[in-house]
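Taking numbering that gives the first Met the number 0, I'd label the letters of the sequence shown as residues 0 to 115.
Backbone N, C-alpha and C define an ideal beta-carbon position, used for all residues, glycine too.
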Amino acid sequence: MTRYLIIALMAASPVVAAEWPTKPGDTPLSPEELDALAGRTLTFYDDGQAKFSAGGAYSYTYASGDAAFGTYSFADDGSVCIAYRNGFSRCDLYVRSGERLILIDEKGDRYPVRPE
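What follows is the structure, given as structure tokens:
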């Protein structure tokens, strides 16, 4: 039983580095910049908002007002991993590209963040 719990925890742990499809000029956020996400709300161009609360709580509010809640952590490769309350999880890489902050998801889709 303990072995299965350890395997389940390892599978849910954000330590596996992904091959992120970055473009020339993309610079992943530094550990200090990742830490500075705490307390911030990032707004995307589709009006969705990602809120990173101090202490690791996370919420994503869609333009419709619906929201998803979970916790966030940082993986060894600098990506931000979200474990949602519904059991779904994902990791994204935030990069600076010129003056823009961009989220790159695991599929390689790019979502620019609106300037604050």
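Let me know the secondary structure DSSP gives L33 once reduced to three states. Here L33 carries a helix assignment [DSSP, helix/strand/coil].
Return the residue from the list F43, Y57, T26 that minimises the CA-CA distance to E98. For the options F43, Y57, T26, the alpha carbon positioned closest to that of E98 is the one of T26.
Tell me which same chain residues have a C-beta within less than 6 Å of the C-beta of L102, skipping the five on either side of it? Within the same chain, L102 has close Cβ partners D91, Y93, Y110.
Taking only beta-carbon positions, decide if I103 is within less than 8 Å of chain B. Given the protein chain composition of this structure (a single chain), no chain B is represented.
Tell me which residues share the same chain as Q48 and place their Cβ nearer than 6 Å to its Cβ, disregarding the 5 neighbours each side in the sequence. Closer than 6 Å at Cβ, skipping near neighbours: T40, T42, T60.
Host beta strand (DSSP E) of R109 (start-end): It spans 109–112 - the beta strand (DSSP E) in which R109 sits, taken as one unbroken run.
Taking the alpha-carbon positions, what's the E32 to R95 distance? Annotation: E32 to R95 spans about 11 Å, alpha carbon to alpha carbon.
If you draw a straight line from the alpha carbon of P13 to that of Y71, how long is it in whole angstroms? Residue confidence is low: P13 scores 44 on pLDDT, short of 50, so the model does not pin down where it sits. No coordinate-derived value is stated.
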